[in-house]
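Here the structure comes first, spelled out in structure tokens, and everything after it is commentary.
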Amino acid sequence: MQKEQDQILNEVTSGEYKYGFYTDIEQDSLSKGLNEDVIRTISDKKGEPEFMLEFRLKAYRHWLTMKMPRWAHLNIPEIDYQDQIYYSAPKQKAKLKSLDEVDPELLETFNKLGIPLEEQKHLSGVAVDAVMDSVSVKTTFKETLAELGIIFCSFSEAVREYPDLVKQYMGSVVPYTDNFFAALNSAVFSDGSFCYIPKGVKCPMELSTYFRINAANTGQFERTLIVAEDNTYVSYLEGCTAPMRDENQLHAAIVEIVALENAEVKYATVQNWYPGNKEGKGGIYNFVTKRGICKGDNSKISWTQVETGSAITWKYPSCILRGHNTTGEFYSVAVTNNYQQADTGTKMIHIGKNSKSIIVSKGISAGRSNNSYRGLVKVLRGAENARNFSQCDSLLLGDKCGAHTFPYIESDNHTAVIEHEATTSKIGEDQIFYCNQRGISTEDAIGLIVNGYAKEVLNKLPMEFAVEAQKLLQISLEGSVG
Amino acid sequence: MSTITNISLEEHFLDLYRKNSSDIADNSAPLMNSFRENAIARLEELKFPLNGNEAYKYADIGSVFKQDLVKTFASQKISFNIREIFHCDVPDLNTEPLLLVNGRFYNNGLKYKKLPGGIIAGSLLQAANDYPEIVEKHYGRYAGESEDGLVALNTAFAQDGIFIYAPPGARMEEPVQIVNIMISEKGLMAQHRNLFVAAEGAELNVVICDHTLSAHSFLTNSVNEVYAGKGSQVNLTKIQNEHNGSSQITHSYYHQEGDSNLVSNIISLHGGFIRNNVNVKLNGEHAENHSTGLYLSDQGQYIDNFVFIDHASPNCFSNQLYKGVLDDTARGAFTGRILVRRDAQKTNAYQSNNNMLLTNNAKIYSRPQLEIYADDVKCSHGSTVGQLDENALFYLRSRGINYREARLMMMFAFAHDVIQNIKVMSLRNRIDDLVNKRLRGELSRCNNCSLQCG
Amino acid sequence: MLVIKNLRVSIDNQEILKGIDLEVNAGEVHAIMGPNGSGKSTLASVLAGRDLYQITSGKVLYKGEDLLEKSPEERAKEGLFLGFQYPIEIPGVSMANFMRTAMNEIRKYKGLEPLTSSEFLKKMREKKDLIEISSSLTNRSVNEGFSGGEKKKNEIFQMAMFEPELAILDETDSGLDIDALRIVARGVNNMKSPLNSTIVITHYQRLLEYIVPDFVHVLYNGRIVKSGGKDLALLLEEKGYEWVRSESVNM
Numbered sequence: 158m159q160k161e162q163d164q165i166l167n168e169v170t171s172g173e174y175k176y177g178f179y180t181d182i183e184q185d186s187l188s189k190g191l192n193e194d195v196i197r198t199i200s201d202k203k204g205e206p207e208f209m210l211e212f213r214l215k216a217y218r219h220w221l222t223m224k225m226p227r228w229a230h231l232n233i234p235e236i237d238y239q240d241q242i243y244y245s246a247p248k249q250k251a252k253l254k255s256l257d258e259v260d261p262e263l264l265e266t267f268n269k270l271g272i273p274l275e276e277q278k279h280l281s282g283v284a285v286d287a288v289m290d291s292v293s294v295k296t297t298f299k300e301t302l303a304e305l306g307i308i309f310c311s312f313s314e315a316v317r318e319y320p321d322l323v324k325q326y327m328g329s330v331v332p333y334t335d336n337f338f339a340a341l342n343s344a345v346f347s348d349g350s351f352c353y354i355p356k357g358v359k360c361p362m363e364l365s366t367y368f369r370i371n372a373a374n375t376g377q378f379e380r381t382l383i384v385a386e387d388n389t390y391v392s393y394l395e396g397c398t399a400p401m402r403d404e405n406q407l408h409a410a411i412v413e414i415v416a417l418e419n420a421e422v423k424y425a426t427v428q429n430w431y432p433g434n435k436e437g438k439g440g441i442y443n444f445v446t447k448r449g450i451c452k453g454d455n456s457k458i459s460w461t462q463v464e465t466g467s468a469i470t471w472k473y474p475s476c477i478l479r480g481h482n483t484t485g486e487f488y489s490v491a492v493t494n495n496y497q498q499a500d501t502g503t504k505m506i507h508i509g510k511n512s513k514s515i516i517v518s519k520g521i522s523a524g525r526s527n528n529s530y531r532g533l534v535k536v537l538r539g540a541e542n543a544r545n546f547s548q549c550d551s552l553l554l555g556d557k558c559g560a561h562t563f564p565y566i567e568s569d570n571h572t573a574v575i576e577h578e579a580t581t582s583k584i585g586e587d588q589i590f591y592c593n594q595r596g597i598s599t600e601d602a603i604g605l606i607v608n609g610y611a612k613e614v615l616n617k618l619p620m621e622f623a624v625e626a627q628k629l630l631q632i633s634l635e636g637s638v639g
Numbered sequence: 086m087s088t089i090t091n092i093s094l095e096e097h098f099l100d101l102y103r104k105n106s107s108d109i110a111d112n113s114a115p116l117m118n119s120f121r122e123n124a125i126a127r128l129e130e131l132k133f134p135l136n137g138n139e140a141y142k143y144a145d146i147g148s149v150f151k152q153d154l155v156k157t158f159a160s161q162k163i164s165f166n167i168r169e170i171f172h173c174d175v176p177d178l179n180t181e182p183l184l185l186v187n188g189r190f191y192n193n194g195l196k197y198k199k200l201p202g203g204i205i206a207g208s209l210l211q212a213a214n215d216y217p218e219i220v221e222k223h224y225g226r227y228a229g230e231s232e233d234g235l236v237a238l239n240t241a242f243a244q245d246g247i248f249i250y251a252p253p254g255a256r257m258e259e260p261v262q263i264v265n266i267m268i269s270e271k272g273l274m275a276q277h278r279n280l281f282v283a284a285e286g287a288e289l290n291v292v293i294c295d296h297t298l299s300a301h302s303f304l305t306n307s308v309n310e311v312y313a314g315k316g317s318q319v320n321l322t323k324i325q326n327e328h329n330g331s332s333q334i335t336h337s338y339y340h341q342e343g344d345s346n347l348v349s350n351i352i353s354l355h356g357g358f359i360r361n362n363v364n365v366k367l368n369g370e371h372a373e374n375h376s377t378g379l380y381l382s383d384q385g386q387y388i389d390n391f392v393f394i395d396h397a398s399p400n401c402f403s404n405q406l407y408k409g410v411l412d413d414t415a416r417g418a419f420t421g422r423i424l425v426r427r428d429a430q431k432t433n434a435y436q437s438n439n440n441m442l443l444t445n446n447a448k449i450y451s452r453p454q455l456e457i458y459a460d461d462v463k464c465s466h467g468s469t470v471g472q473l474d475e476n477a478l479f480y481l482r483s484r485g486i487n488y489r490e491a492r493l494m495m496m497f498a499f500a501h502d503v504i505q506n507i508k509v510m511s512l513r514n515r516i517d518d519l520v521n522k523r524l525r526g527e528l529s530r531c532n533n534c535s536l537q538c539g
Numbered sequence: 015m016l017v018i019k020n021l022r023v024s025i026d027n028q029e030i031l032k033g034i035d036l037e038v039n040a041g042e043v044h045a046i047m048g049p050n051g052s053g054k055s056t057l058a059s060v061l062a063g064r065d066l067y068q069i070t071s072g073k074v075l076y077k078g079e080d081l082l083e084k085s086p087e088e089r090a091k092e093g094l095f096l097g098f099q100y101p102i103e104i105p106g107v108s109m110a111n112f113m114r115t116a117m118n119e120i121r122k123y124k125g126l127e128p129l130t131s132s133e134f135l136k137k138m139r140e141k142k143d144l145i146e147i148s149s150s151l152t153n154r155s156v157n158e159g160f161s162g163g164e165k166k167k168n169e170i171f172q173m174a175m176f177e178p179e180l181a182i183l184d185e186t187d188s189g190l191d192i193d194a195l196r197i198v199a200r201g202v203n204n205m206k207s208p209l210n211s212t213i214v215i216t217h218y219q220r221l222l223e224y225i226v227p228d229f230v231h232v233l234y235n236g237r238i239v240k241s242g243g244k245d246l247a248l249l250l251e252e253k254g255y256e257w258v259r260s261e262s263v264n265m
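Laid out in structure tokens, this is it:
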């Protein structure tokens, strides 16, 4: 029984990364290295206004004074920041008039990934901004959205077309001084998505950005900015994949969300960057700063993430609950296998009265991986009646992996109620036996149990993503019981 | 003496060590002296845990050590009769307490207290000379690997403390009581070192009470090393009752062999700055550890408990329960870390931290942490911050119990959860009483002290 | 004993009691019946002094004094007892300590000496036998780990101990088997005297077979829509609350 389980586990954990191909398309790349000239060149290539260049340079100069954070429960090898390419873009014509002008290789790439860029081919009403190597390739359904006044476009386009909005909100939630990776991103980011929901508009379709790293030796630095005006609603999805390469690639992104009065923003991520091979070679270093601010009263920001990829994940999608009666939510499933390392969690900063937050984190560790939850719940003095509930569970599959929980609770208000619970468990042999007895194979049983375990989080994903995420979990893990 | 404000703390203490090394050595035992040079080097390397030190994230160690305090290394002559000025609130215990005055064993004519079963209790300095084979086997063995600069600081300076040894199979009826007294004409710093050894199958019960008897600033940086041999049963209770001008940092290292059972209770009633580090190593199968703490603080008091449980062997059990009530502008911190090592399968480890804030100026920081490398384990932790349950308060009031009394009853019930873990019955009842008094504000910091120093 | 005049009560701006009038004299047993959500428990809680509610208008006189002015403990000391629908668990507070504290607070208020341990224990034993509550229950924490039925019996036990002037029993019968119901009823009937009054709040007529009320009131949608003698309860049992609903539409 034990042997059989091990074997199945092996088979499943050796499941190949199916997005590991790369596309041979002509690239417009800078040479390796980072200095002020490189930043000027990036800004120049993107035809940016002066304020952007200044922002980048300020960020760069600040970055030079900073050190890479070492507090996470991660073993991060030295990264030579001069040995990276900071700009690489699929070569394309100056401006795309229609889809016909998109490089067919590119279209094919996204088709392979299951993200058709032709609108008519799209099954459900999901508007996609496809970003390859940090450059937005194509945004679908733009016109449909424009009719409602919704702006959904690449970040570069937003800088050109809506500089005032960008100026007002960029860096307002994640300032470039925030941390080492945020500073780096602010200096060199090449593109990303921008989304603006005008007052009173409920966005009728899911908005989605699909990130793809393609070029070798290239860092990916995109940033996303979502602004939801009063009385709005938007649900946003983010997906990502990368080719299998032996060397590690750097990804340092920023996502900023601003929710004004009565606005609700849901942000879901299925992170499936290349995790490296079974021996731990290659894979993406994923250092991401995601933060939203519930600025207006009664606003709500909800983060849902399914993290299965990357060699190293350093990521804490957070909520600043500034307004009264605001709500922050964080639902996470993080799976690590082989030699993957993840240190992920959230921060809930309660400032407004009656602010509420919920944290549900489900960590699943297999192979020789290490998976940590790290979270901060901070209640400031003025946050009367703040409430937090956190549930952080870990599931260990095998005896060579690690599962860790590092919550921080800081309360300055005596009317606040904070509850944190955490458990660690493994899949019980009796559970598997019970399934076997009912005719379910061990492999399927593990899939069932893991999915059941993660269900609370998966349920928060939009339908189309939930199914994909479920499959992804199974692929990342199947049979991982030792 | 150089003022500490101008130079680093490390420099200050290294300088202090160099200038006083002969005094330190002359008034201690050769065995303890043999650890000092290493400790000094270790302090230089590890430094003081100041800003940015994760383990001391909320504790302002800098201000505590920068106080202008007298540090003496020669034996002091204290010529009063301690019984006349001091009567500890705690004991209804039959035995005479052992006294530590300003970190040194207070010899009232008795070198060692000898208890049935061959149990010896007395001065560590003395024991290092009289029982070298026992002391050598354990001294510095459990605290020695510490990454904490303050432990190295203690090892470099500690000259004396309490030594207790329970030989194999020894049984103990009444606990040994140790009373730590700080008394001085000027602000004073002391660093003592205790070593308790329970040999195989022995039983050891110890109560430690901390008191300040004069109104000066005091700083204690002490280390306790406790060895719980195979199948031994060790019960430790510490009652902290010092005034608001005192600072106390206690580093406890509990080394537990297989089948041992160690219960540690820390009851913090009063104190300006309290930091309790509890480090437990479960070094043999079926070892069991219960670490509990209760902190009741008000005014500007700061109480910080840091518990680290190292499950280094399979089939062990650990349970942490820390509860606190914080009033006025008091601040509290709790960090509990459970480490389950790779092969420590079948570990059961639990942790719970519950806090009650009574005012909007009180603060609590809680870090319940798990670090787990084995899969067949049952681990859980919970942490809560909240207030008294309004429904329960109403229930009590609807039976005629007034608001204040109802609140007290519930706070007491909240606290009793911890107290009921104290194994020695007579002690438990006394502590219940003390906590009750403390919650009612009837326990003054110098209770029963005839000095009435205010 | 108790006079309620046009009592209106809201919670979170939603009106629950919409003008209650009720008069209970010494020696009387009143039953208040009504469907779920009619406001029965709200009325009981407000009388005992729970501060979750906003009293928007009306008056309550208890023994001639303004009841709503008083704190919950003052009301208790004045002899008002609420038997909770859902008795609260209070971990760590022992039943004995709790009862004794409450008992002596009440005695102090009345200018009586506190009971000595032996007097208190003697009284506990007496009442325990009456209510047939097991000794082990009184050794535990308040209501902690008690079954639903035990909690209800515990309420009646406390009532017997405190000997209140006005007892309000909020759905004390729900969740009780027939034996427990008899015991509860015995407790109530035992207390009956020309000086004491009882308000029995219940959903079903069943309890009223054992505790015979002098008056029955039907509470519906925040108002007392019908009052009568004990026959009203039978009528209600027979016709159901649907009948009241249609009746009240005509009001």
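Line order of the protein sequences matches chains A, B and C. Using the working numbering, read the first sequence as starting at 158 and increasing by one per residue. Using the working numbering, read the second sequence as starting at 86 and increasing by one per residue. Using the working numbering, read the third sequence as starting at 15 and increasing by one per residue. A virtual CB, placed ideally from N, CA and C, is assigned to each residue, including glycine. Given the structure is predicted, the values throughout are model-derived calculations rather than measurements.
When rounded, the separation of the alpha-carbon atoms in aspartate 556 of chain A and asparagine 433 of chain B is 16 Å. Less than 8 Å divides the Cβ of asparagine 20 of chain C from the Cβ of glycine 33 of chain C. Under DSSP, the beta-bridge partners assigned to aspartate 389 of chain B are B/Arg360 and B/Ala418. Taking the Cα positions, proline 361 of chain A is about 8 Å away from leucine 302 of chain A. Pairing asparagine 440 of chain B with leucine 411 of chain B gives a Cβ-Cβ distance under 8 Å. Contact between the region 540 to 560 of chain A and the region 570 to 590 of chain A is present: three or more C-beta pairs spanning the two stretches fall below 8 Å. Cβ neighbours of phenylalanine 419 of chain B within its own chain (closer than 6 Å, five residues either side excluded): Asn390, Tyr407, Asn438 and Ser451. According to DSSP, residue pairing for histidine 219 of chain A in a beta bridge does not occur.
A Cβ-Cβ contact shorter than 8 Å links glutamate 373 of chain B with phenylalanine 402 of chain B. A straight line joining the alpha-carbon of serine 260 of chain C with that of leucine 250 of chain C spans about 13 Å. Against chain A, a Cβ distance below 7 Å from serine 451 of chain B picks out Ile566. A Cβ of chain B is located within less than 8 Å of the beta carbon of glycine 106 of chain C. Within a 10 Å sphere around the beta-carbon of tyrosine 339 of chain B sit 16 or more other beta-carbons, which makes this residue buried. When secondary structure is reduced to three states using DSSP, leucine 478 of chain B falls in the helix class.
Contact between the region 333 to 350 of chain B and the region 311 to 320 of chain B is established, with three or more Cβ pairs separated by less than 8 Å.
Its chain contains Ile46, Ile238 and Ser241 as the residues whose beta carbon lies nearer than 6 Å to that of histidine 231 of chain C, once the 5 sequence neighbours on both sides are disregarded; these appear in chain order.
Tryptophan 228 of chain A carries a coil assignment under DSSP once its states are collapsed to helix, strand and coil.
Here the region 484 to 502 of chain B makes no contact with the region 59 to 76 of chain C; the two share fewer than three CB pairs at distances below 8 Å. Of the residues assessed, phenylalanine 212 of chain A falls on the buried side of the cut-off, its CB having 16 or more other CB atoms within 10 angstroms. Taking 8 Å as the cut-off, the Cβ atoms of tyrosine 244 of chain A and leucine 191 of chain A do not count as close. When DSSP states are grouped into helix, strand and coil, phenylalanine 176 of chain C belongs to the helix group.
Under a 10 Å Cβ-count criterion, asparagine 368 of chain B is classified as buried, with 16 or more other Cβ atoms of the shown protein chains found around its own Cβ. Around glutamine 219 of chain C, the same chain offers Met47, Ala247, Leu248, Leu250 and Glu251 as residues with beta carbons nearer than 8 Å, after the five sequence neighbours per side are excluded. In terms of Cβ geometry, alanine 468 of chain A and glycine 433 of chain A form a close pair [threshold 8 Å].
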